[in-house]
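Residue numbers (the numbering used here): 117 to 318.
Here is the structure we will look at, set down as structure tokens.
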């Protein structure tokens with residue numbers, strides 16, 4: 117069975133800084149993979165190459181057997197590649213629930229009213245049900261991280277890319293978030309593959 121997501125001979129550099137030099141990397145069905153490295157090592161750049169926000173200098177990105185190297189980010193999202201960002205980027209002036217609806221409708225390409233039940237489930241699953249009507253800008257860092265995860269899940273991805281999802285959290289908060297991710301992976305059959313960008317000192 118071919119990998120669900122693969123980098124084939126990916127090259128990327130920024131001036132004299134080489135991020136990837138003929139990199140081959142494959143994520144199999146059902147696999148969770150951690151990419152470990154210090155800040156500035158290129159983890160976020162690799163996520164950008166996978167999701168289409170960064171173009172490789174050479175090589176191919178293949179998703180479920182399809183070459184997606186030149187596809188726009190929104191096309192990749194609707195095909196099933198979801199991601200979170202190291203620094204949460206919610207719509208601060210919208211409620212938590214509205215953030216999920218926007219992610220599902222515009223990111224995932226689903227009709228707005230059709231995604232309401234799924235978004236309600238995600239609120240409960242990610243521990244945000246009691247804060248559904250709060251503005252995203254008023255959340256604590258931990259809850260913003262939970263919302264960032266829920267927004268990625270709202271697109272109904274097959275592959276979920278988590279970019280240093282626990283960055284900035286206390287040890288206790290980090291453990292709680294990792295438990296949440298494990299529970300989501302067990303409870304969500306559709307999300308079977310998770311890439312995680314992890315700092316080298318984690």
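Quick reminder that beta carbons are idealized off the backbone N, C-alpha and C, glycines included.
Quantities reported herein were computed from a predicted structural model and do not represent experimental measurements.
### Query
What does a CB cutoff of less than 7 Å around residue 284 pick up in its chain, not counting 5 residues either side in sequence?
To locate residue 284, count along the chain shown from 1; it is residue 168. If we look at residue 284 and ignore the five residues flanking it on each side, its Cβ neighbours are 257.
### Task
For residue 158, I'd like the list of residues in its chain whose CB is within less than 8 Å of its CB, leaving aside the five on either flank, ordered along the chain.
For this step, residue 158 is matched to residue 42 along the chain shown. Counting only Cβ-Cβ distances below 8 Å, and skipping sequence neighbours, we find 128, 135, 136.
### Task
Determine the direct distance from the alpha carbon of residue 243 to that of residue 263, and round the result to whole angstroms.
Here residue 263 is taken as the residue at index 147 of the chain shown, counted from 1. Here residue 243 is taken as the residue at index 127 of the chain shown, counted from 1. Using only the alpha carbons, I get a separation of about 9 Å.
### Query
For residue 255, which option in 237, 212, 192, 233 has the closest C-alpha, if you only look at C-alpha atoms?
To locate residue 255, count along the chain shown from 1; it is residue 139. Among 237, 212, 192, 233, the Cα nearest to that of residue 255 is on 212.
### Query
Just reading off the beta strand (DSSP E) that residue 275 is part of, what are its end residues?
In the chain shown, residue 275 corresponds to position 159, counting from 1. Going by DSSP, residue 275 is part of the beta strand (DSSP E) stretching over 275-279.
### Query
Does DSSP put residue 283 in a helix, a strand or coil?
Within the chain shown, residue 283 is the residue found at index 167, counting from 1. If DSSP states are grouped into helix, strand and coil, residue 283 belongs with coil.
### Query
Any idea which residues DSSP pairs residue 145 with across the strands?
To locate residue 145, count along the chain shown from 1; it is residue 29. Beta-bridge pairing links residue 145 to no other residue.
#### Entry: Nearest residue (CA-CA) to residue 259, options 287, 279, 217, 204
By one-based count along the chain shown, residue 259 stands at place 143. Minimum Cα distance to residue 259 is reached at 204.
### Query
Buried or exposed: which applies to residue 228, given that a residue is buried once 16 or more other Cβ atoms fall within 10 Å of its Cβ?
The residue labelled residue 228 in the question sits at position 112 within the chain shown. It counts as exposed.
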